[in-house]
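Comments concern the structure below.
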Amino acid sequence: MKFRPISRLLRQIYALRPQIVILNTYRLRIDHEIDLLTRIDDCFYIRGLDINDATYLEQAYSGRSKGYYKRNGLPRLSDPRWLGLAVFDVNTDRIAYVAWIIQKTVSYLEDINLVLGDNQRFVKDGYCVPEYRHRGLHTRMEHERINRCVRDGAKEIFIQIAADNPKGIKSVTENGYEYYQTNKYLVITGLGVYREIKAFCRSKNLFGRR
Numbered sequence: 003m004k005f006r007p008i009s010r011l012l013r014q015i016y017a018l019r020p021q022i023v024i025l026n027t028y029r030l031r032i033d034h035e036i037d038l039l040t041r042i043d044d045c046f047y048i049r050g051l052d053i054n055d056a057t058y059l060e061q062a063y064s065g066r067s068k069g070y071y072k073r074n075g076l077p078r079l080s081d082p083r084w085l086g087l088a089v090f091d092v093n094t095d096r097i098a099y100v101a102w103i104i105q106k107t108v109s110y111l112e113d114i115n116l117v118l119g120d121n122q123r124f125v126k127d128g129y130c131v132p133e134y135r136h137r138g139l140h141t142r143m144e145h146e147r148i149n150r151c152v153r154d155g156a157k158e159i160f161i162q163i164a165a166d167n168p169k170g171i172k173s174v175t176e177n178g179y180e181y182y183q184t185n186k187y188l189v190i191t192g193l194g195v196y197r198e199i200k201a202f203c204r205s206k207n208l209f210g211r212r
């Protein structure tokens with residue numbers, strides 16, 4: 003028991019370790035919806051999120067890093083530039099999977115010199131709640147996000163995948179995405195820092211504009 007506080011302290015110190023993460027951006031050019039969707043269990047249904055879903059989203063993000071929901075969840079629910087899509091479990095009324103579509107340019111995209119036009123979207127931050135993994139939700143939601151973008155008039159869709167994630171790269175390229183560009187990010191998990199390095203050097207601001 004006496005070692006637990008030390009273990010917790012070590013985890014907190016480790017979370018303050020700066021890391022360099024390399025992300026590749028991919029672009030999909032598309033003018034039609036995906037017809038063949040991965041089947042998921044009947045206990046699931048998919049719908050958009052709004053500010054009334056704050057409690058559900060907070061619960062879904064409870065297993066992520068400290069402060070993640072307040073930084074990256076709650077603000078998006080009331081920001082029209084962001085659209086959240088979620089898979090709900092009808093039996094528990096809980097979110098099983100959540101993903102986001104950026105509909106208008108945000109500072110995160112400005113950092114990588116990407117300005118969205120009316121017919122462009124950027125999909126980001128797909129997250130499956132751990133107990134719902136390996137049930138086909140990720141594949142289904144990748145297609146659902148594409149279809150939602152197309153229905154809203156998008157002809158080009160962007161996504162980022164870590165350069166050291168061959169499985170993720172294979173998944174997006176099989177969906178028709180093509181390589182677009184590469185960016186390096188400074189990441190300090192314990193401080194909630196996730197900043198494109200060149201943008202950080204220009205502004206000297208770890209957190210960027212919210």
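Quick note, the working numbering runs 2 ahead of the 1-based positions in the sequence shown.
Note that the Cβ used here is the ideal one computed from N, Cα and C, for glycine as well.
DSSP-derived helix/strand/coil call for residue i
i      : result
Gly119 : coil
Asp91  : strand
Arg96  : strand
Gln21  : strand
Arg211 : A caution first: Arg211 carries a pLDDT of 48, below 50, which makes its placement in the model too unreliable to give a value.
Met3   : Caution applies to Met3, whose pLDDT of 47 falls short of 50 and renders its modelled position unreliable; the value that the coordinates give is listed next. If DSSP states are grouped into helix, strand and coil, Met3 belongs with coil.
Arg49  : strand
Val131 : coil
Arg13  : helix
Glu112 : helix
Glu198 : strand
Ala56  : helix
Ala156 : coil
Asn74  : helix
Asn149 : helix
Glu35  : coil
Ile171 : helix
Thr141 : helix
Ser205 : helix
Ile8   : helix
Gly65  : helix
8 Å Cβ cutoff met for residue i and residue j
i      : j      : result
Ile103 : Cys151 : yes
Gly50  : Tyr63  : no
Leu87  : Lys106 : no
Leu25  : Ala164 : yes
Gly299 : Arg73  : Because the chain spans 3 through 212 in this model, residue 299 falls outside it and cannot be assessed.
Ala156 : Gln122 : yes
Cys45  : Val92  : yes
Val174 : Ile161 : yes
Ile199 : Leu18  : no
Ile32  : Lys186 : no
Asp113 : Ala201 : yes
Tyr224 : Glu60  : Here the chain has residues from 3 to 212 only, and residue 224 is not among them.
Proximity winner among the options, relative to residue i (alpha-carbon distances)
i      : options                           : result
Ile53  : Ile114, Ile15 and Arg78           : Arg78
Asp154 : Ile15, Phe124 and Pro7            : Phe124
Pro1   : Arg197, Arg204, Ser205 and Ala201 : This structure cannot speak to residue 1, because the chain is shown only from 3 to 212.
Tyr58  : Ser205, Thr175, Val131 and His136 : Val131
Arg181 : Leu188, Ile171 and Ile190         : The residue you asked about is not Arg; residue 181 is Tyr in the sequence shown. Per the Cα distances, Ile171.
Asp43  : Gly138, Lys200 and Tyr179         : Gly138
Met143 : Glu133, Ala201, Pro168 and Tyr99  : Tyr99
Asn167 : Leu11, Ile8, Thr27 and Ala17      : Thr27
Arg147 : Tyr134, His136, Arg135 and Gly128 : Gly128
Arg83  : Pro7, Leu111, Gly65 and Asp95     : Leu111
Bridge-paired residues (DSSP) for residue i
i      : result
Thr27  : Gln162 and Gln183
His103 : The amino acid occupying residue 103 in the given sequence is Ile; His does not appear at that position. Per DSSP, Leu85 and Val125.
Leu188 : Ile22 and Arg197
Rounded distance between the beta-carbons of residue j and residue i, thought under 8 Å
i      : j      : result
Glu35  : Asn149 : 4 Å
His145 : Leu39  : 5 Å
Residue i CB to nearest heavy atom of the ligand GDP below 7 Å
i      : result
Arg204 : The ligand content of the structure shown is nil, which means the ligand GDP is not present either.
8 Å Cβ cutoff, residue i in contact with chain D
i      : result
Gly119 : Among the chains in the structure shown there is no chain D, since it carries only a single protein chain.
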